[in-house]
Every structure is written in C-alpha cells, then in structure tokens.
Amino acid sequence: MRNKWSGLLRGAAMALLATTLLGTAPQGFAQVPGSKLKEGAVPDMSGIWERIEGIRFNPAGQLPPYNAEYRRRYDLAMEARQRGERVADPTSGCLPQGMPRFMVASYPLEVLQTKGQVTIIAEWSSQVRRIFTDGRGHPPADEIDITFNGHSIGRWEGQTLVVETVGIRGDTSFDASPLTHSDQLTVSERIYLKDPNILVAEITVTDPGAFTAPWKVVRTYRRGGPDARIMEYVCEENNREIFLPGQNQPKP
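Going by our numbering, the residue at position 189 of the sequence shown is 192; the numbering climbs one at a time, nothing skipped.
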C-alpha cells in the first residue's frame with residue numbers, strides 16, 4: 004500500500020551530489036583496477052525516476068534463452084495458469100521483488116549518489132540497492148551473503164556506471180509471469196543518462212543454470228517532476244495487487 008511520506012527523503016536526494024571516492028578499498032575487499040575517477044568527472048543521476056515501459060522485465064515480451072529444463076518448467080507453469088490454477092508470483096506474498104526485477108520499477112526509483120556508493124531505493128516494497136563504487140570487489144564466493152538484491156559493485160567508464168551483481172537468490176522471478184532463474188544468476192548493467200531527463204539501464208542477465216546464452220534487456224526511465232517523491236509502501240497492510248490467470252504472458 005502506498006501512503007504519503009514526510010518528504011524528507013526527497014529533500015535528502017536534492018542535497019546530494021555525484022562524487023566518487025578517492026581512497027583505498029575497505030579492508031577485506033579486493034581493489035578493482037581503474038575504478039576511480041577524478042572528483043566531479045561523473046554525471047549526476049540523483050533524483051526520482053519513473054519507468055517508461057510496462058511491467059514485463061523484457062518490454063518486447065520475448066522469453067529468455069532458456070535451456071530445455073527451464074523451458075519445460077516455464078511451459079508447465081503456463082499450462083497450469085491457462086487451466087485457471089494459481090501460479091504464485093513470489094511478490095504476491097509480500098516477498099521482495101529481488102534483482103533484476105527491482106529495475107522494472109513498478110513504482111518509482113530514487114537514485115542517491117554519495118562518495119563511494121550509488122544507492123537506489125525502490126518505492127515498491129521499500130527495497131534498497133547499494134552499488135559500491137569505492138573500488139572494492141565482491142566478497143569471496145564462500146563468504147558472500149545470498150540475498151534478494153545481491154551484492155553490487157560499480158565503476159565509472161566515462162559517463163556510464165557499469166555494475167556487476169552476484170549473490171542473488173534463486174527463488175525470485177523476472178516479472179509476474181512464471182519466468183524463473185537459477186541460483187547461478189548474475190546481472191551486469193550499463194546505466195547512463197541519454198539526456199538530463201532520461202535514464203537508460205542496459206541489463207544483461209547471465210545464468211548458466213537456466214540459459215543457453217546471456218539475455219539483454221534495455222529499460223528506460225523518465226525523471227520525475229519537482230513534486231516527485233518516494234511514498235511509503237507496506238505490502239502487508241493492503242496486499243491487493245494479484246495477477247490473474249492469463250495476464251502478463253510473454254511471447255514465445
């Protein structure tokens with residue numbers, strides 16, 4: 004459920020400017036070569052952003068390049084849905100959307116740029132992504148926490164923020180259709196400003212457990228107006244957005 008917030012978050016967003024950290028990586032993390040730029044060399048993506056396309060992960064509606072087993076699972080789920088059986092979208096039970104569905108932005112996103120970190124706040128489910136741009140690497144594979152949004156590190160390549168996310172849970176879906184993935188999923192993003200009011204995220208999903216090839220999707224967002232803000236969202240308070248059988252089906 005969405006309720007009006009106090010407006011403090013919007014004020015904080017306007018007060019923050021884009022910078023990168025000119026220091027060493029935090030203790031316990033590997034340094035990423037070439038990840039640091041001079042102060043002021045990167046664009047300011049701070050602000051409220053609203054999706055332009057629909058709520059399918061892939062706006063064109065095509066399926067990912069599934070291997071035989073995951074295509075079989077998808078077909079069975081779609082057949083069950085056509086028979087009127089409930090095929091649960093994990094978010095209908097108030098679980099977080101997780102990555103990369105986070106970037107579908109069913110409700111607005113807020114981007115905050117600070118030293119060494121780009122933070123993205125989703126109004127939907129009040130979820131937060133922290134993209135570390137301070138030169139650290141990912142934790143060792145046997146130490147990384149497996150979470151809904153994973154562990155994200157970024158670096159600036161000119162005007163583009165390049166992000167790599169690992170450690171994503173395998174029990175989320177790409178959108179409200181039964182598009183699932185394995186726990187081997189990783190996400191690479193190239194995020195940049197097409198112009199001051201249009202943000203583009205080129206998202207490449209790699210999943211050797213479920214795909215035969217990487218899957219690239221492009222999402223675009225429009226900058227919110229002067230009154231745009233993130234509102235409070237409490238799923239458990241009024242969980243009414245349930246997709247019915249036959250809705251939001253991707254094209255083969």
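The beta-carbon is built from N, C-alpha and C at its ideal position, and this holds for glycine as well.
It should be emphasised that the depicted structure is a prediction, and the values quoted were computed from it without experimental measurement.
For residue i, three-class secondary structure by DSSP
i: residue 89; result: coil
i: residue 176; result: strand
i: residue 238; result: helix
i: residue 155; result: strand
i: residue 104; result: helix
i: residue 215; result: coil
i: residue 231; result: coil
i: residue 210; result: coil
i: residue 50; result: strand
i: residue 83; result: helix
i: residue 146; result: coil
i: residue 129; result: helix
i: residue 1; result: This structure cannot settle anything about residue 1, because the visible part of the chain is limited to 4 through 255.
i: residue 72; result: helix
i: residue 185; result: coil
i: residue 136; result: coil
i: residue 109; result: coil
Span separating the alpha-carbon of residue i from that of residue j
i: residue 209; j: residue 74; result: 16 Å
i: residue 228; j: residue 180; result: 31 Å
i: residue 152; j: residue 167; result: 12 Å
i: residue 222; j: residue 115; result: 19 Å
i: residue 102; j: residue 200; result: 24 Å
i: residue 130; j: residue 67; result: 25 Å
i: residue 195; j: residue 111; result: 17 Å
i: residue 65; j: residue 57; result: 13 Å
i: residue 127; j: residue 104; result: 11 Å
i: residue 254; j: residue 45; result: The predicted position of residue 254 is uncertain, since its pLDDT is 46 and thus under 50; a value taken from the coordinates is nonetheless stated next. The straight-line gap from Cα to Cα measures roughly 38 Å.
i: residue 72; j: residue 54; result: 32 Å
i: residue 52; j: residue 154; result: 22 Å
i: residue 172; j: residue 144; result: 14 Å
i: residue 84; j: residue 211; result: 27 Å
i: residue 81; j: residue 87; result: 10 Å
i: residue 62; j: residue 146; result: 35 Å
Whether residue i touches residue j by CB criterion (7 Å)
i: residue 282; j: residue 189; result: Here the chain covers residues 4 to 255 and nothing more, so residue 282 does not appear.
i: residue 163; j: residue 193; result: yes
i: residue 226; j: residue 50; result: yes
i: residue 231; j: residue 185; result: no
Integer Cβ distance of residue i from residue j, believed to fall under 8 Å
i: residue 206; j: residue 113; result: The pair is not a contact, with the Cβ atoms about 19 Å apart (cut-off 8 Å).
i: residue 121; j: residue 141; result: Not quite, the Cβ-Cβ distance comes to about 16 Å (not below 8 Å), so this is no contact.
i: residue 178; j: residue 90; result: No, residue 178 and residue 90 are not in contact; Cβ-Cβ is about 13 Å, not under 8 Å.
i: residue 70; j: residue 183; result: At roughly 12 Å, the Cβ-Cβ gap does not stay under 8 Å, so residue 70 and residue 183 are not in contact.
i: residue 137; j: residue 119; result: 3 Å
Cβ-heavy atom distance, residue i to the ligand SAM, below 6 Å
i: residue 146; result: This structure does not include the ligand SAM; it has no bound ligands of any sort.
Residues near residue i in its chain [Cβ-Cβ closer than 8 Å; skip 5 each side]
i: residue 77; result: 66, 69, 181, 182, 183
i: residue 48; result: 21, 114, 116, 121, 164, 194, 196, 202
i: residue 204; result: 106, 192, 193, 194, 221, 222, 223, 224
Contacts around residue i, its chain only, beta-carbon distance under 6 Å, and the 5 residues preceding and following it disregarded
i: residue 99; result: 128, 130, 151
i: residue 38; result: Caution is warranted here: a pLDDT of 40 is assigned to residue 38, below 50, making its placement in the model unreliable, and the coordinate value is therefore given only provisionally. Closer than 6 Å at Cβ, skipping near neighbours: 138, 158.
i: residue 123; result: 112, 114, 132
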